[in-house]
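To convert, note that position 139 of the sequence shown is 138 in numbering that gives the first Met the number 0; the numbers rise steadily by one, no gaps. A quick write-up on the structure given underneath.
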Amino acid sequence: MAAFSNRGDFEAWLVGKPRPIVVAMVSRAALSTVPYLAGYVGADPKHRAAAIMLPCFRAMAPPWFASTWPNQGGAVHAATAATAAAHAGYATAAAGHITAAASAAASVTASAASWVRLSKDAAAIDGGMSPQSLMDRPVWPDGSAPSGFEGQWRDLRRLLLSLDQDWQVWSNWYDDRLRGAAHPGARSLIAGLELERILIPNKVWDDGPSVLNARIAGLEAAYR
């Protein structure tokens with residue numbers, strides 16, 4: 000059974016694994032750190048929500064989509080190609096913020112709870128679970144989220160929603176990932192909606208949260 004206690008253990012386990020497994024594991028690892036940005040974003044909510052949270056959500060959506068719908072083939076490739084250049088641009092523009100945000104998230108990345116969570120994901124894969132089924136599970140299965148995680152997410156969600164920029168399109172999306180697909184409170188998965196979300200043109204993303212999130216809110220209203 001996989002038992003990680005550090006980054007080296009995790010990377011050694013990943014060696015030789017098929018790409019879908021690597022993408023799914025890394026995607027879930029990224030999802031588990033989001034709330035720990037609350038304190039950093041809270042120091043300057045409007046600016047840092049745009050500079051940090053929008054790129055973070057944008058970076059997480061394509062790998063989550065690719066792992067959740069692995070048979071989308073060309074659609075997944077198109078989604079990845081369409082966002083790759085923009086990811087690089089965001090990373091360059093927000094380099095200072097991302098460094099600070101990474102420091103804020105470092106404690107959870109290195110925490111015992113995070114390595115236990117990753118180990119459970121790896122054990123599920125080693126036991127025959129598909130990457131797609133893994134992505135359907137809660138980010139923190141069996142109520143294993145570390146102390147303070149839920150409170151940090153409540154704080155970050157409140158900060159984002161207080162900006163009145165339709166941030167619910169991302170807070171709801173993240174809540175669904177935390178709960179897992181089978182949770183009675185999770186919304187139904189709609190491949191078309193999620194593909195359109197990540198294929199929104201770069202120009203719209205560059206226009207900032209107010210414009211981008213309103214566009215996504217329109218998509219959700221149409222699909223749901």
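Quick reminder that beta carbons are idealized off the backbone N, C-alpha and C, glycines included.
- Query: Quick one: is Asp120 buried, meaning 16 or more other Cβ sit within 10 Å of its Cβ, or exposed?
  - Reply: That one is buried.
- Message: Once DSSP output is grouped into helix, strand and coil, what is the label at Gln151?
- Response: Note: Gln151 maps to helix in three-state DSSP.
- Task: Report the three-state DSSP secondary structure of Pro130 (helix, strand or coil).
- Result: Note: Pro130 maps to helix in three-state DSSP.
- Item | Reduced DSSP secondary structure (H/G/I, E/B, other) of Arg186 | Coil.
- Hey, how far is the Cα of Ala221 from the Cα of Ile215? If you take the alpha carbons of Ala221 and Ile215, they lie about 10 Å apart.
- Under 8 Å Cβ to Cβ from Ile199, same chain only, skipping five residues before and after it: list those, please. Taken in chain order, the residues that qualify are Leu211, Arg214, Ile215.
- Query: Near Ser4, what residues of its chain come up, given a Cβ to Cβ distance below 7 Å and the 5 sequence neighbours on each side ignored?
  - Reply: So the list reads Trp114, once near-sequence residues are dropped.
- C-alpha distance - Asp141 paired with Ile124, whole-angstrom precision: If you take the alpha carbons of Asp141 and Ile124, they lie about 17 Å apart.
- Task: Tell me, to the nearest whole angstrom, how far the beta carbon of Leu160 is from that of Gln167; I am working on the premise that it is less than 8 Å.
- Result: Your pair Leu160 and Gln167 checks out as a contact, with CB atoms roughly 6 Å apart and the cut at 8 Å.
- Local Cβ density within 10 Å of Leu53, reported as buried at 16 or more and exposed below that: By the neighbour-count criterion, in which 16 or more other beta carbons inside 10 Å mark a residue as buried, Leu53 falls on the buried side.
- Assigned secondary structure, Gly7 (DSSP; H/G/I helix, E/B strand, else coil): DSSP places Gly7 within a helical segment (H, G or I) once states are collapsed to three.
- Message: With a threshold of 8 Å, are at least 3 pairs of Cβ atoms found where one atom belongs to the stretch 34-50 and the other to the stretch 1-19?
- Response: Taking 8 Å as the limit for Cβ pairs, the verdict is that the stretch 1-19 does not touch the stretch 34-50.
- Item | Residue from Ala60, Gln131, Met24 whose Cα sits closest to the Cα of Leu194 | By alpha-carbon distance to Leu194, the top candidate from Ala60, Gln131, Met24 is Ala60.
- Helix, strand or coil: which one does DSSP assign to Val25? In the structure shown, the three-state DSSP call for Val25 is helix.
- Message: Can you look up Thr32 in the DSSP assignment and give me helix, strand or coil?
- Response: The answer is coil: DSSP assigns Thr32 none of H, G, I, E or B.
- Message: In whole angstroms, give me the CA-to-CA distance for Ser303 and Asn201.
- Response: Any question about residue 303 goes unanswered here, given that the chain covers just 0 to 223.
- Message: DSSP three-state label for Val115, please.
- Response: Here Val115 sits in helix by DSSP.
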